[in-house]
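Asker: In the working numbering, the protein residues as written are 895 to 993. Think of the CB as a built atom: it goes at the ideal place given N, C-alpha and C, for glycine as much as any other residue.
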């Protein structure tokens, strides 16, 4: 599968919101490539993904530009460390066993 991520760059900060929150762009690529995250659609049409990247629990807010079996292209608005609930951990564990 081909992955492509674009990141929102905030000119007033002179950086991405991802990097402003202490995460690297590489961590976000790895997060999506492992495909073990919980995803919900927000009322504004964007999505939230919650999961674990390395030793960090994170949340990523993004929009889907292209989402097919062969190609995923997301526009990442922001990402930050986020404490997952016990239920989130259980759901992630179930999802890992499904794959």
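Taking residue 900 as part of the beta strand (DSSP E), name the residues at either end of that continuous run.
Answerer: Position 6 of the chain shown holds residue 900. 896-901 is the extent of the beta strand (DSSP E) around residue 900.
Asker: Hey, residue 967 and residue 900: beta-carbon distance below 9 angstroms or not?
Answerer: Within the chain shown, the letter at position 73 stands for residue 967. Within the chain shown, the letter at position 6 stands for residue 900. Yes, Cβ-Cβ distance for residue 967 and residue 900 is below 9 angstroms.
Asker: Can you name the start and end residues of the alpha helix (DSSP H) that residue 991 belongs to?
Answerer: The residue labelled residue 991 in the question sits at position 97 within the chain shown. 980-992 is the span of the alpha helix (DSSP H), which, as asked, contains residue 991.
Asker: Can you tell me the Cβ-Cβ gap for residue 957 and residue 940, rounded? I've got them flagged as a contact below 8 angstroms.
Answerer: Mapped onto the chain shown, residue 957 falls at position 63. Mapped onto the chain shown, residue 940 falls at position 46. Their Cβ separation, rounded to whole angstroms, is 5 angstroms, which keeps residue 957 and residue 940 in contact under 8 angstroms.
Asker: Residues in the same chain with beta-carbon distance under 8 angstroms from residue 923, minus the five sequence neighbours each way, listed in chain order, please.
Answerer: Your numbering for residue 923 matches position 29 in the chain shown. Around residue 923: 897 and 899.
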